[in-house]
Structures are given as structure tokens and as C-alpha cells.
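Residue numbers (UniProt numbering): 1 to 679.
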């Protein structure tokens, strides 16, 4: 025997002993031995720390990293000797029956170990470990594959025709099913045909996943997917890794690239060895300009967010315009995360100026890592189709790609009834179900796959075009808008309904001025605040603010609950009962939390609840008409913010609104006791 191979086997045994791998191996062997059943293949997983084993022996460490298939044979020999020496598995006969899967805990942080899905040329010819990352865009159903099989020679006089485990076929990374099991294998001793002994076939789980480079999402911000080619990459998840990935999630994987031949076509893929959910680190600080602004406005809990909204998106719209909408956009941006029970904040905008609103929403979309503009020609929610291998594959969509971010779906009135009904169902449950007919995709039974939709939705309705499509109702309540083109229940599912106060025929002169200037010079910075508060500053600010963990104070909770109960009693009709939806309380809490985050606070105060109530009451007025609370048409920004005096006037106005809310609660929900700062 080669002395170098013998030395590597000795080092492998020492490593297994020191790392605890030998103890785990003995425990796994006991499971096989207790079953008293003979298998063609006994599969073992060995965890390898490349740093530790390279420090122990550099040759073996290098062998594992660059020749993992051959390195597995070294561990195979060690494990076989251990089984025979310690009598761990009585049924085991030959070394070929042992299948070793080496799983590195990590790879060296060097460029040569990174396989970029967007780089060209793609190196799939080296069968060694690489690290890659991307977003899951499609997932197949879990099917079976052959881990290993025993073959017997058909020639009766041949020694390989006996019932021993001499001819064993074991799956290798990147190999197809036909490489393990087929009918044209011949005996290596007498060249007679081999026949599989079916009772010893070992099956495992297999799942085909498609992944895209995360950089592609940058191309989908504010643009149509139709203009780009998304090159997905095939991953094979086997056995314990099946169903370890979720569609739409960002993962970091370690695997071995391979080229799979499927008929006349060759497909590059990765045989996945380990999966880890990718968690990017958010910025730890906000810019100095935002810190300075926060210190200047520390005397009031309302001023910082007011100025923030006033100057936001100055590259698209002039400061001081669309303030209510911009505040709502900022609140929605900071209420984005990938948690299951997140506080969502969806926006529906009624406008006749679709050009400016579309530009504003597109600009805001780009401030998040996951901001997707949905093209009407593609599916908004997951669908099922056949993959390259003929199996069912659940395809991701705009809503899933926007996980933990924003999905901008454009003009809501352009969607058909069935799409609107599906959207309503998703907004209510935050899940969607994909039906997979078994007969169509070669499965024995039908399947249903439930996909979580964790994103905020933005949309608008063109008031001018929608008014031409239907006859407007005449019996309106004061303050109510005609939104009958969109189903009432769907409108209620959106957290906020916002009316853009500027008709397209009477745009403010600053907006017209900016549109003309931008048409001449798109890169021009027309306002000083655009230099002081750059787009990058807002990106960092939002990423920091949305990661804040906030809690409701008892005062804010009491004010929110009191308003909610009073509104349910006030907003009623004799036929349908309360017109206030059950989700209104969640929306109020989400708005209040968002305002606290936007103020860079971790405690929701009464002042946050006041803004939340005014925004929701304004939205309810547009939907159902005014109530006894009777807020102004633009309650959060009743007048322009031009100087410090106007900010002071706004503070006084909001304090009056707060007192008005307390009176409203006392009159219509007298059983609620609210602890106020004055008490």
C-alpha cells in the first residue's frame, strides 16, 4: 500500500477520534445493526472542519477540499476497518457497501472557493467543494432516487452470481439515476450481463431546486422582468436536505458542481452538501445628517418624521409635496421583514396623476434590497409547471421574490376579477396554495403546496380612467370617494387608502418645474436637501430603522384600543353592522410601530398612536365617509412646512387632535380608561 495513503487513513482515524465523529459513527452503526436487515449500501455522514483537519495534516485537508470523492474513499476504508474490528454491523460484508458523505462545516474564505452564479465562464468541471449563494426561484416536489443497489451476474458458474455483495452501484454527486441503475451493466469477471437484486435496492429522497444570483434583484427594482433574462441554476437536494429550502429565501450553500446529461442537452448543476440561510448584516449606524436632524427636533416627537417625509424623494418630487403619501411610503418601508408574524402595511393610492406617483413609488422601491415591480404579463403569485426532468416544479413570482420587502403591482384597475380575488385572499391570510395534479406530473396523488407571502403590497388606482369605465354612485357620504371599481373587501385588505390631492390638470408649479428640469437633465440635483440627504443615506436609514424592535407603551395601547372600539360603534349600519374591518386594529398597531421605528425609538408612544389614528381615520373616511371624529381632509399635514413656526403650529394642531380623540373615546367608548401623560 502507498505509504501516503496509509498515513492519510491514520490521520483520518485520529481526526474522527478527536472531533467526536467516531462516537457518532458507532451510534449510527448501532441503528443499522439493531434493524437486523441487510442493505446494499450503508450510508454515513461525516462532518469535517477543514481548518482542524488541515492543521492536523495539510495533505489530507487539501485532499478533502480538492478531491472530495477520492477523500471519501479514504474514510470509507477507515470506517470499514472500524466496523469489522469492533463488530459494529454484523450484516456488512464488503467495503463497497459503505457510502461516505463528507460534509465540510465551512470553506476557506478565498475567491477560488466561491462559485458565482453570475460570473462567466462558470467552472462546473472541477468536482470539488465550492460555496455559492442565491435566492430560490423554483422548487420541485420530493421524489425518490436510488442511493445504492446490488447486482448479480447472470452466469451461474461465475463467483459473482452468488448472494454476496460484490457488485454494488452507489450514487455519486451529479450522477443521474441511469448511472446507478440500468440493464446494460456487465460483470467485471466474466463480461456476462448483470441483473439487479431488487430486494436490496436502497432509496432516498431527492428534490430539484432552481436558484438565481441575488444580484438579479437589483435589475428588477422598478423595471419589468420582461426586459431581463434570469438564468436559474439547478440544485440537487438529497435525503436529509430535502425540504430544507423555502422558495423565495436567500441561502448560502456548499456543494460539488457537475454536468448532468439529459438526452441531447447538458445541464450544469450543483449537488448540494450543506444549506445555510443567508442573513445579511444591516448597517449599525445612520448618517451624521440624520443624527443631527434628530437632535434638532428632539423637543417634539412629531417633527423628525414630518421633516423626513417633507424632504423625502427630492430627486423625484419637490420637497413639501405629497407629504402624506411620502410619510405612508416611509412607514411601509420600515415595516418590512421576513418574520412569519410580521406587521404588514399595504398601500393603495387613489390618483389621477399616475406618472408622478409611479415615479415616486419606483424610487422608493429601490431603497430596499427586496423591492420588486410586478410586470402584468407574468404571475403575481406562485404557479406550477414542468421542470427539465418532467417533474412538477413550483415557480416563484413577484410576490415571493419580494419577500421581506415591497411588491409594487401597478394599477389595480387593470387586473381581472380572478386576479383581484386571489390578491384579496393573499392579503387576508399572507399565504397562497398551489395545486399540483398528480396525473399530469406523473405522481400517484394530488398535492397542495402552501407558500408564505411575506411582503408589503403597493398599488394605485387611476381615478380618471376608472371613472370612464363605470357609472359612479350618487348616494355618497361626506368625505367618501368612489372606489366601486375595486371590490370593497379588497380595498379593506389594504392597510391604508390614500388620495393624491393633486389632479393631473392642476399639478403644483414646483412639480411641473421639476418634471421639465429632469426631462432636460435627468441627473441634475435641483434641491440642496438632495445633497445633504442622499439616496444611499435613506437606504441605510431604512435598513437600520426596520431592524429596530419596538414595544407598545400602555398609554399608546390604551389610545389605540379606545379609538378602535369607539370607531366600531360609530361606523355601523343597520344591515351589515360595523363597517370597520377586523384587521383595523392590526393596521393601527402596525402604523404606530412604524412611526416609532421611523423616529428611531424602541417604544411606541401616544404621539405615535395619534399619527396612526389620523392616517387610518383619513383612510376610513375615503372608504366609508366621515365619522363623529371628523378629521380634516389632510389631517397629518394640514398645511405646508416652510419653517420652524409651521412645525410649531403643526405640533399644536396634533395636540388638539389628541384631545379630540380622547373626547371621542370618552363619548363612544366610555368603558375604556386611558392613562394619559396629563394624568
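We put the beta carbon where it would ideally sit given N, CA and C, even for glycine. Predicted model only: the values in this text are computed from it and were never measured.
Using a Cβ-Cβ distance cut-off of 8 Å, the stretch 204-212 and the stretch 232-247 are in contact, since at least three pairs of beta carbons, one from each stretch, lie closer than that value. Measuring C-alpha to C-alpha distances from residue 211 to each of 249, 39, 179 and 191 identifies 249 as the nearest.
Bounds of any alpha helix (DSSP H) do not take in residue 381, whose DSSP letter is neither H nor E.
DSSP places residue 21 within a helical segment (H, G or I) once states are collapsed to three.
Residue range 68-86 is occupied by the alpha helix (DSSP H) that includes residue 74. According to the DSSP secondary-structure assignment, residue 195 is paired through a beta bridge with 152. Shown here for residue 450: same chain residues with a beta carbon closer than 7 Å to its own, the five before and five after excluded, namely 431 and 433 in chain order. Spatial neighbours of residue 158 in its own chain (CB-CB distance under 7 Å, excluding positions within 5 residues in sequence) are listed in chain order as 187, 189, 190 and 192. Three or more beta-carbon pairs drawn from the stretch 51-61 and the stretch 6-20 are found closer than 8 Å, and the two stretches are therefore classed as touching.
Within the stretch 235-297, the runs of beta strand (DSSP E) that reach at least 3 residues and sit entirely inside it are, in chain order, 250-262 and 265-277.
With the rule of 3 Cβ pairs closer than 8 Å, the stretch 104-118 does not count as touching the stretch 169-187. In the pairwise beta carbon analysis, the stretch 606-625 is classified as not touching the stretch 259-274: fewer than three pairs are separated by under 8 Å. DSSP places residue 580 outside any beta strand (DSSP E), giving it a letter other than H or E. For residue 169, the pairing in a beta bridge is given by DSSP as 149.
Within 10 angstroms of the beta-carbon of residue 540 lie 16 or more other beta-carbons, which makes it buried.
The three-state reading of DSSP puts residue 459 in strand, counting E and B together.
The beta carbon of residue 424 is closer than 8 Å to those of 487, 489, 490 and 493 in its chain, skipping five residues each way along the sequence. Contact between residue 273 and residue 255 holds, since their C-beta atoms are separated by about 5 Å, short of 8 Å. Residue pairing for residue 335: DSSP places it in no beta bridge. Taking a cut-off of 8 Å on C-beta distances, the stretch 437-447 does not touch the stretch 345-365, as fewer than three cross pairs fall below it.
Residue 592 sits close to residue 612, with the two beta carbons spaced by under 8 Å. Going by C-alpha positions, residue 386 is about 12 Å away from residue 437. By the Cβ-count criterion, residue 346 is buried, with 16 or more other Cβ atoms from all chains shown falling within 10 Å of its own Cβ. Residue 71 and residue 63 have their C-alpha atoms some 6 Å from each other.
Assignment of residue 3 by DSSP, reduced to helix, strand and coil, places it in the helix class. At a Cβ-Cβ threshold of 8 Å, residue 311 and residue 533 count as neighbours.
Excluding its 5 nearest sequence neighbours in each direction, residue 171 has C-beta neighbours in its own chain below 6 Å: 147 and 180, listed in chain order. For residue 162, there is no enclosing alpha helix (DSSP H), as DSSP marks it with neither H nor E. Non-local C-beta neighbours of residue 609 in its own chain, meaning closer than 6 Å and more than five positions away in sequence, comprise 556, 559, 560 and 592, ordered along the chain. In this structure, 664 is the residue among 348, 664, 325 and 496 with its C-alpha nearest to the C-alpha of residue 630. Unbroken alpha helix (DSSP H) runs of no fewer than 4 residues, entirely contained in the stretch 368-418, are found at 398-401, following chain order.
If the five residues before and after residue 144 are omitted, its C-beta is found closer than 8 Å to the C-beta atoms of 203, 204, 205 and 206, all from its own chain and listed in chain order. Burial check for residue 569: the Cβ neighbour count within 10 Å stays below 16, so the residue is exposed. Closest by C-alpha distance to residue 621, out of 322, 366, 217 and 579, is 579.
The distance from the Cβ of residue 49 to that of residue 325 is about 53 Å, inconsistent with a contact at the 8 Å cut-off. With fewer than 16 other Cβ atoms from the protein chains shown falling within 10 Å of its own Cβ, residue 549 counts as exposed.
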